[in-house]
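Trainee: If you're matching positions, the sequence shown starts at -15 in the working numbering and goes up one per residue.
Have a look at this one before I ask anything.
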Amino acid sequence: MAMVWGQGELFAKASEDEIQTTEFYLSNFKSMQLFMSDFEKYQKELAQVAIDGEAARRIDQEDLHADKTANAVILIEKQKWVYGQYRIYSSMIRRAHSQILDDEVKQAIDIRFLQGHSRKLTILFMKQGVAHSTVDRRIKEGIITMANSLKLMGFFELEPIRK
């Protein structure tokens, strides 16, 4: 059974907003990975800091007499929720990256976003003699390709954070 996205189109084509959302998540991919790694290593310590520290007291700046223990539980649950969302998003981003057919486009996206390097370093890591504009074009093509794949996966229906 074929999925139809609109007006007889067999293949999903991401909108400009979905392409921008894809670029947003790609730009934050390395930060998501760092948070997940840190959370996995230090989950117990983060929970203890939430209970012992002042972070729980600051959940609601309006309430001067906040229940610190209840707020610590809320903070810990929020961290767990963010971790779970990041895992889902990261997995879908990696799957979309794996579906890029052009190896040079795939490499540009990998260096720039998955490894988290700057535009300048991405250009330096690409094949010698490749123009800046070519690398930029490959990155743009990769973002569009990934946005189309993410649309097929239902990523934009899941994505509540940026809306």
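For each residue, glycine too, the CB sits at the ideal point set by N, CA and C.
Which full runs of the alpha helix (DSSP H) of 4+ residues lie inside the stretch 98 to 144, going along the chain?
Mentor: List check, alpha helix (DSSP H) in window: 103 to 109, 116 to 137 and 139 to 142.
Trainee: Going straight from the alpha carbon of S74 to that of L134, what length do you get?
Mentor: When rounded, the distance between both Cα atoms is 11 Å.
Trainee: Would G138 be called buried (16 or more neighbouring beta carbons within 10 Å of its own) or exposed?
Mentor: Exposed, because fewer than 16 other Cβ atoms sit within 10 Å of the Cβ of G138.
Trainee: If you drop the 5 nearest sequence neighbours on each side, which residues of the same chain put their C-beta closer than 7 Å to that of Y9?
Mentor: Correct list, in chain order: Y73 and I77.
Trainee: Would you mind reading off the limits of the alpha helix (DSSP H) that contains A92?
Mentor: Where A92 is concerned, the enclosing alpha helix (DSSP H) stretches over D87 to I93.
Trainee: Going by DSSP in three states, K(-3) sits in which element: helix, strand or coil?
Mentor: K(-3): coil per DSSP, three-state reduction.
Trainee: Straight-line CA distance for Q4 to E29?
Mentor: Going by the C-alpha atoms only, they are around 36 Å apart.
Trainee: With distances taken from CA atoms, which of H81, E88 and F23 is nearest E61?
Mentor: For the residues H81, E88 and F23, the minimum Cα distance to E61 belongs to F23.
Trainee: Which residues in the same chain have their Cβ closer than 8 Å to the Cβ of F13, if we skip the five residues on either side of it in sequence?
Mentor: Cβ neighbours of F13 beyond the five flanking positions: S74, I77, F97, L98 and G100.
Trainee: Could you say which of M130, D87 and I128 lies nearest to K111 if we only look at CA atoms?
Mentor: When each option's Cα is compared against that of K111, the closest is D87.
Trainee: Sorted by chain position, which residues of the same chain lie with C-beta nearer than 8 Å to N132's C-beta, five sequence neighbours on each side aside?
Mentor: Hits under 8 Å: F(-5), A(-4), K(-3) and A(-2).
Trainee: Inspect the beta-carbon positions of K90 and G126 and report whether they are closer than 9 Å.
Mentor: Contact flag set, yes.
Trainee: How big is the Cα-Cα spacing for I95 and Y70?
Mentor: C-alpha separation (whole angstroms): 20 Å.
Trainee: Can you tell which of K104, W65, E0 and L136 has its C-alpha closest to the C-alpha of M16?
Mentor: Cα-wise, what sits closest to M16 is W65.
Trainee: Could you tell me the distance, in whole angstroms, from the CA atom of I228 to the CA atom of K25?
Mentor: With the chain represented from -15 up to 147, any question about residue 228 goes unanswered, as that position is not in the structure.
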